[in-house]
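Worksheet for the structure shown next.
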Amino acid sequence: MSTTKLTTSQKTAFSPSDPLPETSADPGAPTITGGATATADMTNAGLASGAARPGGKPVHIDVLLAGSSVHFGDDRTYVMVSADQAWIQGGHGDDQVRGSASSSAVLLGNGNNVVRLDGQGNWVWLGSGSNQVTLTGEGNSAFLGAGNNAVTLTGDLGAVFTGGGNDVISITGTGNFVMTDEGDDRIAISGTGNIVNAGGGRDTILLTGGSYAMAGDGDDLLRVQGSGNTVDGGAGNDTIHLSGTEHRIILNAPGDGTDEIHGSIIRGGHLLDLRDALRSTGWDGDPERLADYVTVTRHKGDTLLSINLTGLEGDPTYAIAILNEGQVSYEALLPYMVWA
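Everything in the sequence shown is counted per full-length UniProt numbering, starting at 1 for the first residue and increasing by one.
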């Protein structure tokens, strides 16, 4: 193992909104350029830089002191971090950053990167590729490029943003935010006050308590458990499985698809939110005329919920939901409809 001591101007504070820190390496301190393993022994704030190519073997860097700034090139680099307010920046390649840190930033280029950090207030930016990110602690955020990413976030008040691809995301905590782009994503959310926007694609979403999910365009599958969740399947023919109590289902505008809902609306005390569906109709908000615009009919032994755009008998209707709980009348469903 070769050990290289490096020095730079010290950075005493770090905020994720800061620009890339200005560093000036001591001309007398060599950069990491060879050896199967290289360890940067950080004295004050340190800089490890250069293109290390030890015969295809990865470079190893240890980040030990707070305020460290580490830069490396396009080779496979393994970083072990045990320091707060660190700035770790790498090029393209299959890099790994592991350890414990708080108020730190990790920026890596394209590749199949792996980041596993314990601590709070960390920010992770990764390029395109099949990245794997595990963050444990409060207030952590991950920004990932296009690819089939896997993200596990445990803690409160975090955020995950991913580009296009078939992502797998697991969130446990309160007050987290998830946004994905196009792709067939699989998202599992456990906790309250979380928000999910899954973008387009055939997404699969699991909610287990008190959160909000928008599945976006596509024929999505949503499983809703616990109590007090709100789901919006978006445009497409979505399948929604309900268990637990007092969930809210936001139904499509006419012509945007027909959702199939499993689980009793009445027994579960769930709400059918019709506000989006009614906006494109001529309904004037008079509850006495709601039945002219919302129709409930029998469909293969179940219940079909449809919207009449004009409210005139004989005009076309658009199916917006199939309720798989047997035949239910308009009068029985009315207390579970939200229209204003």
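Ideal Cβ positions, reconstructed from N, Cα and C, are used throughout, including at glycine. All values reported here derive from a predicted model rather than from experimental measurement.
Checklist entry - How should L144 be labelled, buried or exposed, when 16 other C-beta atoms within 10 angstroms of its C-beta is the threshold for buried? => result Residue numbering aside, residue 144 sits at position 144 when the sequence shown is read from its first letter. Burial call: buried.
Item to check | Top-ranked residue by Cα proximity to D181, from I322, I195, S190 and N166 | outcome: Walking along the sequence shown from the start, residue 181 turns up at place 181. Ranking I322, I195, S190 and N166 by Cα distance to D181 puts N166 first.
Checklist entry - Can the beta-carbon of T317 be found less than 8 Å from the beta-carbon of N308? => result Translated into positions along the sequence shown, residue 317 becomes position 317. Translated into positions along the sequence shown, residue 308 becomes position 308. Yes, they are a contact pair.
Checklist entry - Pick from G191, I250, V231 and V160: whose alpha carbon is nearest that of L135? => result Residue mapping note: residue 135 aligns to position 135 of the sequence shown, counting from 1. Ranking G191, I250, V231 and V160 by Cα distance to L135 puts V160 first.
Checklist entry - Measuring CA to CA, which of A277, D256 and G244 is closest to H262? => result If you number the sequence shown from 1, residue 262 lands on position 262. When only C-alpha atoms are compared, the closest one is G244.
Checklist entry - Can you tell me the Cα-Cα spacing of G155 and N194, whole angstroms? => result The sequence position of residue 155 within the sequence shown is 155, counting from 1. The sequence position of residue 194 within the sequence shown is 194, counting from 1. Cα to Cα, G155 sits roughly 11 Å from N194.
Checklist entry - Under 8 Å, do A253 and R289 count as touching if we go by C-beta distance? => result Here residue 253 refers to the residue found at position 253 when the sequence shown is read from its first residue. Here residue 289 refers to the residue found at position 289 when the sequence shown is read from its first residue. Cβ distance not < 8 Å, so A253 and R289 don't count as in contact.
Item to check | CA-to-CA distance, V196 to T8, given in whole angstroms | outcome: In the sequence shown, residue 8 corresponds to position 8, counting from 1. In the sequence shown, residue 196 corresponds to position 196, counting from 1. Low per-residue confidence applies at T8: pLDDT is 31, beneath 50, and the placement is therefore not dependable enough to give any value.
Checklist entry - Taking just the CA atoms, how far does Y293 sit from E313? => result Translated into positions along the sequence shown, residue 313 becomes position 313. Translated into positions along the sequence shown, residue 293 becomes position 293. C-alpha separation (whole angstroms): 9 Å.
Item to check | Residue environment, S69, which counts as buried when at least 16 other CB atoms sit within 10 Å | outcome: Along the sequence shown, one-based indexing puts residue 69 at 69. S69 should be labelled buried.
Item to check | Buried or exposed by the 16-neighbour rule on C-beta atoms within 10 Å, applied to I266 | outcome: Here the question's residue 266 lines up with position 266 in the sequence shown. Flag for I266 reads exposed.
Item to check | Exposure of G282, with buried meaning 16 or more beta-carbon neighbours within 10 Å | outcome: Residue 282 sits at position 282 when you count from the first residue of the sequence shown. When all chains shown are included, G282 counts as exposed.
Checklist entry - Which one of A105, D94 and D75 has the shortest CA to CA distance from S82? => result The sequence position of residue 82 within the sequence shown is 82, counting from 1. When each option's Cα is compared against that of S82, the closest is A105.
Item to check | Uninterrupted alpha helix (DSSP H) stretches inside the stretch 204-292 (no shorter than 4 residues) | outcome: 265-268 and 275-279
Checklist entry - Taking the DSSP output, what are the residues bridged to N308? => result In the sequence shown, residue 308 corresponds to position 308, counting from 1. Its beta-bridge partners are T317.
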